[in-house]
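S.K.:
Number of protein chains: 4
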Amino acid sequence: MAVAKALTAASNGARRGTGVREAAAQATRKAILKAATKVFAKYGYDGGSVEKISKAAKSYDRMIYYYFGSKEGLFIAVLEGIYREMDEAESAIQLDAERPVETLTAVIRFVHGYYRKNPEFVTLLNTENLHKGRHIAKSLRAGEYSSHAIAVIREVLASGIAKGIFREDVAAREVYLLIASTGYFYMSNRHTLTAFLGEPLETAEAVKRWEDFAVETVLRTVSATQATPAFNS
Amino acid sequence: MAVAKALTAASNGARRGTGVREAAAQATRKAILKAATKVFAKYGYDGGSVEKISKAAKSYDRMIYYYFGSKEGLFIAVLEGIYREMDEAESAIQLDAERPVETLTAVIRFVHGYYRKNPEFVTLLNTENLHKGRHIAKSLRAGEYSSHAIAVIREVLASGIAKGIFREDVAAREVYLLIASTGYFYMSNRHTLTAFLGEPLETAEAVKRWEDFAVETVLRTVSATQATPAFNS
Amino acid sequence: MAVAKALTAASNGARRGTGVREAAAQATRKAILKAATKVFAKYGYDGGSVEKISKAAKSYDRMIYYYFGSKEGLFIAVLEGIYREMDEAESAIQLDAERPVETLTAVIRFVHGYYRKNPEFVTLLNTENLHKGRHIAKSLRAGEYSSHAIAVIREVLASGIAKGIFREDVAAREVYLLIASTGYFYMSNRHTLTAFLGEPLETAEAVKRWEDFAVETVLRTVSATQATPAFNS
Amino acid sequence: MAVAKALTAASNGARRGTGVREAAAQATRKAILKAATKVFAKYGYDGGSVEKISKAAKSYDRMIYYYFGSKEGLFIAVLEGIYREMDEAESAIQLDAERPVETLTAVIRFVHGYYRKNPEFVTLLNTENLHKGRHIAKSLRAGEYSSHAIAVIREVLASGIAKGIFREDVAAREVYLLIASTGYFYMSNRHTLTAFLGEPLETAEAVKRWEDFAVETVLRTVSATQATPAFNS
DNA sequence: CATGAATGAGCTTTCATTCAT
DNA sequence: CATGAATGAAAGCTCATTCAT
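Protein chains in written order, with the numbering used here: chain A, 371 to 603; chain B, 371 to 603; chain C, 371 to 603; chain D, 371 to 603.
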């Protein structure tokens, strides 16, 4: 209930928006959203208190309820925000069907780079998964996002198959998940991995080595020029 | 309840008096640790309240401080526990140097299976990473764990190279990370992925497809019989 | 700022709401401060619980943190309050340089009377000394208080010396400490002294006897007409 | 009830006392009493927790209840202990009736010195006065202590009067209180006084100046060779 | 629209004390 | 006698949320 109201209020605000007062109001809303993104990313949902957020936004607790209805509503708005931003960023990926290997490589590097440059995205998704995705399920906009990256992969695979350099029996979904896995896990788990492996993962060198390895892995997997060694299931 | 059970067990085995009390005490400690593992996995560190834990353990808040000093101390003990369990589980992996492909496949299936059967492990590591690994850094036992899996991979790679079926230029570390990435990410992010992809990931079929894909990917990556397609960095 | 707002509201005829709310807020703050003074004086710092205070103030625990940040902050505010009150009370002491004996006597009777009428002052200072003065050290206002009493003593001594009735070699600081000692100790330790001496100290007669003795002692000490008996150090 | 039991247990322990086990038990009791004296002096009654004491005594909470019945019983034992120690120390004061000035001076220096060397005594009495002397009132031994100092003062005054050097109209009780006031207050309130006066009280020089001033003051007050200046009550 | 006071439940932690061997 | 596990109340403090202008 509170969530629905908040969403309505938010979209109303976004639609009207011309007056000076309106602009100030939108600035407040944005400041809260930005602060909330940071705070939730740093402390998680439970650890990120309403007070921390309102203070970081240089606003007041009350404003969070005014604009987002509840803490939950604010968190949903944050999730929507990071998904929308990723969506926008992905739409910058250029598809060159004539050069499938290069384009696929570019997709891999983009995804890895995106996670690396947006650690908040990673942390927030982890937090949302801790809560079994129940916030994003409540979002009215959740369905709006369709990964541009998967679409590009699909086309690149088709193009590569047509050229005889890619296998026919690999789904874009699997390739996307492989790319996301390698990029996401490395970022998400870097702290425990550092402790566990006993060596740093965040040096420029280590990062490059891993990204190159991921590119290699994906390309080998989609390549047509080799049969997979037999294995028993 | 737990105490009564422990008492029964103790009087059946050892007859001495001290053993009984000791056993009861250990039972309490264990019950708290077990409850904490569940609660922290379900609600995260901040969301997992001391009261929830003590109630789940059918004990008292005070006992948590008696045995673990603080909430943080308890969380550290939980992390140590899940690491130790994984360590023990991994030591069951059988190495057959004569059949590197099969052994590597077994490792992949083991790791994927472990994450699948121990979702708490995944959630707890995510929680710890949210906190930048500061709890495991405080653990005195953190250094004790050495992945049996990595050791097996290292030997398998060497054996495969000797046989001429594996590449020489792949490190065990990278292969381990690739296996862990694919297994971990799929579990960790299943809720947001389900919402995002619009299709379930937890059906037996979907799980099998992904695991097979991971096996294929790893084997292709370490295989000697194919050159990686050229790519530009 | 708050004061200015309140004044504006008042001059507008107190019809508007802000002044009322502001006043109510100040009333809450004052009620807490007053209750805290009583409770801390009665139970000490550790014994004076936040709940006791908030209940006595007919407010809520939360409000203490809202207005004073912490229990310690509240205690500091209490100390500042009692010091300020003493400061104000002392400024009522009239200096008559022409009659140094009478003025000094008045100072002594004032100080003794102040301790007697404000047992909370005594208890709170004892509590603060138990904590090695670490709260008052944190106060930003601690330096603001300058004893009017010492200033009066200083002038009275000078005047008495000029008249040839007081000694030249006695410092105002020592005289002040002597006055404070006799007044403070009698109040502060009355309970253990009663048990120890086996006779009551709080009867009007006993109080008068002690105060007269103190006056006599101080006057004899500053008097010029007698040499101190020789003593060996 | 608990208090009475504890006292009984304690005196029983003290009476029997020969066996090895007995000696060990007495050592435990003493260690607890000593630790409690320190802890209560440092943190007050409420701030001094049973756990802090048992840890400082390298014993267990349970032992405190065994030997002293309750926290209150232990505090009473502590008070009895410091009174007894003071009693013992005072009995070392030598009375020389032939030299009343010197003896009185010695008493003053002793009392001031005792407070200075036993700050715990001062703090504990303050704590007990905060509680309105209700613990010492419960003590069965409270009546046993009779100040040797007052007795000495009484005799010294008589002797001085006989010699014509001391006034006839001064009671030993008042002189004792004057001595105690000056010594006690200076120690008890040194922390707030330091903050208030803006100068240190604990340097050797400051201490000596104050003690000399106290000696002078007492001697002038008891001296026969001067009439007190007239004052109005 | 913005502001800040108010509210009561809940948090982690510590308390004095007792039970059981 | 000593040990240490158990207990429940209460401590200081923070929480998300609402009220009142």
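Just so it is clear, CB atoms sit at the ideal spot from N, CA and C, and this is done for glycine as well.
May I have the straight-line CA-CA distance separating residue 479 of chain C from residue 439 of chain B, to the nearest angstrom?
M.R.: Here residue 479 of chain C is taken as the residue at index 109 of the third sequence, counted from 1. Here residue 439 of chain B is taken as the residue at index 69 of the second sequence, counted from 1. Approximately 55 angstroms, taken between the alpha carbons.
S.K.: From the beta carbon of residue 594 of chain B, is the nearest beta carbon of chain A less than 7 angstroms away?
M.R.: Residue 594 of chain B sits at position 224 when you count from the first residue of the second sequence. Closer than 7 angstroms: no.
S.K.: For residue 585 of chain C, which residues from the same chain have a beta carbon less than 6 angstroms from its beta carbon, with the 5 sequence-adjacent residues on both sides left out?
M.R.: In the third sequence, residue 585 of chain C corresponds to position 215, counting from 1. Result list for residue 585 of chain C: 475 and 478, in chain order.
S.K.: What span of residues does the alpha helix (DSSP H) with residue 421 of chain D cover, start to end?
M.R.: The residue given as residue 421 of chain D occupies position 51 in the fourth sequence. Where residue 421 of chain D is concerned, the enclosing alpha helix (DSSP H) stretches over 420-426.
S.K.: Going residue by residue through the region 403-460 of chain D, where are the continuous alpha helix (DSSP H) segments of at least 4 residues, counting only ones entirely within it?
M.R.: Fully enclosed alpha helix (DSSP H) runs of 4 or longer: 420-426, 431-438 and 441-460.
S.K.: Can at least three beta-carbon pairs, one atom from the region 426-446 of chain D and one from the region 500-519 of chain D, be found at a separation below 8 angstroms?
M.R.: Output reads yes: the region 500-519 of chain D touches the region 426-446 of chain D.
S.K.: Establish whether the CB of residue 554 of chain D and some CB of chain C are separated by less than 7 angstroms.
M.R.: Numbered from 1 along the fourth sequence, position 184 holds the residue referred to as residue 554 of chain D. It does; some Cβ of chain C falls within 7 angstroms.
S.K.: How should residue 587 of chain B be labelled, buried or exposed, when 16 other C-beta atoms within 10 angstroms of its C-beta is the threshold for buried?
M.R.: The sequence position of residue 587 of chain B within the second sequence is 217, counting from 1. Buried, because 16 or more other Cβ atoms sit within 10 Å of the Cβ of residue 587 of chain B.
S.K.: Three-state secondary structure (DSSP) at residue 551 of chain D?
M.R.: As a working note, residue 551 of chain D is residue 181 in the fourth sequence. Note: residue 551 of chain D maps to helix in three-state DSSP.
S.K.: If you follow the alpha helix (DSSP H) that residue 606 of chain B is in, where does it begin and where does it stop?
M.R.: This structure does not reach residue 606 of chain B, given that chain B is present from 371 up to 603, and the question cannot be answered.
S.K.: For residue 491 of chain D and residue 400 of chain B, I'd like the C-alpha separation in whole angstroms.
M.R.: One-based indexing of the fourth sequence puts residue 491 of chain D at position 121. One-based indexing of the second sequence puts residue 400 of chain B at position 30. If you take the alpha carbons of residue 491 of chain D and residue 400 of chain B, they lie about 47 angstroms apart.
S.K.: Measure the Cβ-Cβ separation of residue 514 of chain D and residue 505 of chain D and say whether it is below 7 angstroms.
M.R.: Against the fourth sequence, residue 514 of chain D aligns to sequence position 144. Against the fourth sequence, residue 505 of chain D aligns to sequence position 135. Contact: no.
S.K.: Taking Cβ-Cβ distances shorter than 7 angstroms, what residues in chain C pair up with residue 422 of chain D?
M.R.: As a first step, residue 422 of chain D must be located in the fourth sequence, where it is residue number 52. Within 7 angstroms Cβ-Cβ: nothing; residue 422 of chain D doesn't reach chain C, min ~12 angstroms.
S.K.: Cutting at 7 angstroms between CB atoms, please list the residues of its own chain near residue 519 of chain A, excluding the five before and the five after it.
M.R.: Against the first sequence, residue 519 of chain A aligns to sequence position 149. So the qualifying residues of the chain are 460, 463, 477, 481 and 546.
S.K.: Please confirm whether residue 592 of chain A and residue 536 of chain A have their CB atoms less than 7 angstroms apart.
M.R.: Residue 592 of chain A sits at position 222 when you count from the first residue of the first sequence. Residue 536 of chain A sits at position 166 when you count from the first residue of the first sequence. Yes, the pair counts as a contact, with Cβ atoms nearer than the cut-off.
S.K.: Measure from the alpha carbon of residue 572 of chain A to the alpha carbon of each residue in A/415, A/557 and A/582, then state which is nearest.
M.R.: As a working note, residue 572 of chain A is residue 202 in the first sequence. That would be A/557, whose Cα lies nearest to the Cα of residue 572 of chain A.
S.K.: Tell me whether the beta-carbon of residue 426 of chain B lies closer than 7 angstroms to the beta-carbon of residue 394 of chain B.
M.R.: Start at 1 with the first residue of the second sequence, and residue 426 of chain B comes out as number 56. Start at 1 with the first residue of the second sequence, and residue 394 of chain B comes out as number 24. Cβ atoms of residue 426 of chain B and residue 394 of chain B: not closer than 7 angstroms.
S.K.: So, helix, strand or coil for residue 558 of chain D, using DSSP?
M.R.: Within the fourth sequence, numbered from 1, the residue matching residue 558 of chain D stands at position 188. Helix.
S.K.: Can you check the region 456-489 of chain C for any alpha helix (DSSP H) of at least 4 residues that lies completely inside it and give the ranges in chain order?
M.R.: Counting whole runs of 4 or more residues, the region 456-489 of chain C contains the alpha helix (DSSP H) stretches 470-487.
S.K.: Starting from residue 590 of chain C and walking both ways along the alpha helix (DSSP H), at which residues does that stretch end?
M.R.: The residue given as residue 590 of chain C occupies position 220 in the third sequence. Looking at the DSSP string, the run of the alpha helix (DSSP H) that includes residue 590 of chain C is 574-592.
S.K.: Compare the Cα-Cα distances from residue 402 of chain B to each of B/413, B/431, B/416 and B/417 and report the closest residue.
M.R.: Translated into positions along the second sequence, residue 402 of chain B becomes position 32. Nearest of B/413, B/431, B/416 and B/417 to residue 402 of chain B, Cα basis: B/431.
S.K.: How about residue 443 of chain B: is its C-beta nearer than 7 angstroms to some C-beta of chain A?
M.R.: For the purposes of this step, residue 443 of chain B is identified with residue 73 of the second sequence, where counting begins at 1. For residue 443 of chain B, the answer is no, since every Cβ of chain A falls outside 7 angstroms of its Cβ.
S.K.: For residue 416 of chain C, return the contacting residues in chain D, with the cut-off set at a CB-CB distance below 9 angstroms.
M.R.: Mapped onto the third sequence, residue 416 of chain C falls at position 46. Correct list: 413, 414, 415, 416, 417 and 418.
S.K.: Is the shortest distance between the beta-carbon of residue 512 of chain D and the beta-carbons of chain C less than 7 angstroms?
M.R.: Against the fourth sequence, residue 512 of chain D aligns to sequence position 142. So, interface residue.
S.K.: Report, in whole angstroms, the separation of the C-beta atoms of residue 561 of chain C and residue 503 of chain D, which I expect to be a contact under 8 angstroms.
M.R.: By one-based count along the third sequence, residue 561 of chain C stands at place 191. By one-based count along the fourth sequence, residue 503 of chain D stands at place 133. Indeed, because the Cβ distance is near 3 angstroms, the residues count as touching under 8 angstroms.
S.K.: For residue 574 of chain D, count the other beta carbons within 10 Å of its own beta carbon; 16 or more makes it buried, fewer makes it exposed. Which is it?
M.R.: In the fourth sequence, counting from the first residue as 1, residue 574 of chain D sits at position 204. Counting Cβ neighbours within 10 Å, residue 574 of chain D comes out exposed, since fewer than 16 surround it.
S.K.: From what residue to what residue does the alpha helix (DSSP H) around residue 508 of chain B run?
M.R.: Working through the second sequence from its first residue, we reach residue 508 of chain B at position 138. Per DSSP, residue 508 of chain B belongs to the alpha helix (DSSP H) from 504-508.
S.K.: Skipping 5 residues on each side, what residues in its chain have a beta carbon closer than 7 angstroms to that of residue 410 of chain C?
M.R.: Here residue 410 of chain C refers to the residue found at position 40 when the third sequence is read from its first residue. Here the set comprises 418, 445, 448, 494 and 497.
S.K.: Are residue 342 of chain D and residue 551 of chain C touching if we call contact CB-CB under 7 angstroms?
M.R.: Any question about residue 342 of chain D goes unanswered here, given that chain D covers just 371 to 603.
S.K.: Check the Cβ of residue 454 of chain C against every Cβ in chain D and list those closer than 7 angstroms, keeping chain order.
M.R.: Translated into the one-based positions of the third sequence, residue 454 of chain C becomes position 84. Here the premise fails: no neighbours, minimum Cβ distance about 13 angstroms.
S.K.: Along chain B, which residues have their Cβ under 8 angstroms away from the Cβ of residue 488 of chain A?
M.R.: Walking along the first sequence from the start, residue 488 of chain A turns up at place 118. Correct list: empty, because the minimum Cβ distance to chain B is about 15 angstroms.
S.K.: Please go through the same chain and pick out, in chain order, the residues whose beta-carbon is closer than 8 angstroms to the beta-carbon of residue 604 of chain B, but skip the five residues on each side of it.
M.R.: The shown model of chain B, from 371 to 603, leaves out residue 604 of chain B, and the question about it has no answer.
S.K.: Take the Cβ of residue 470 of chain C as the centre, count every other Cβ of all protein chains shown within 10 Å, and call the residue buried at 16 or more, exposed below.
M.R.: Translated into the one-based positions of the third sequence, residue 470 of chain C becomes position 100. Buried, by the Cβ-count rule.
S.K.: Are any of the Cβ atoms in chain C nearer than 7 angstroms to that of residue 468 of chain D?
M.R.: In the fourth sequence, residue 468 of chain D corresponds to position 98, counting from 1. Output row for residue 468 of chain D: interface = no.
S.K.: Verify the CB distance criterion: does residue 524 of chain B have a CB-CB separation below 7 angstroms to chain A?
M.R.: As a working note, residue 524 of chain B is residue 154 in the second sequence. So, not an interface residue.
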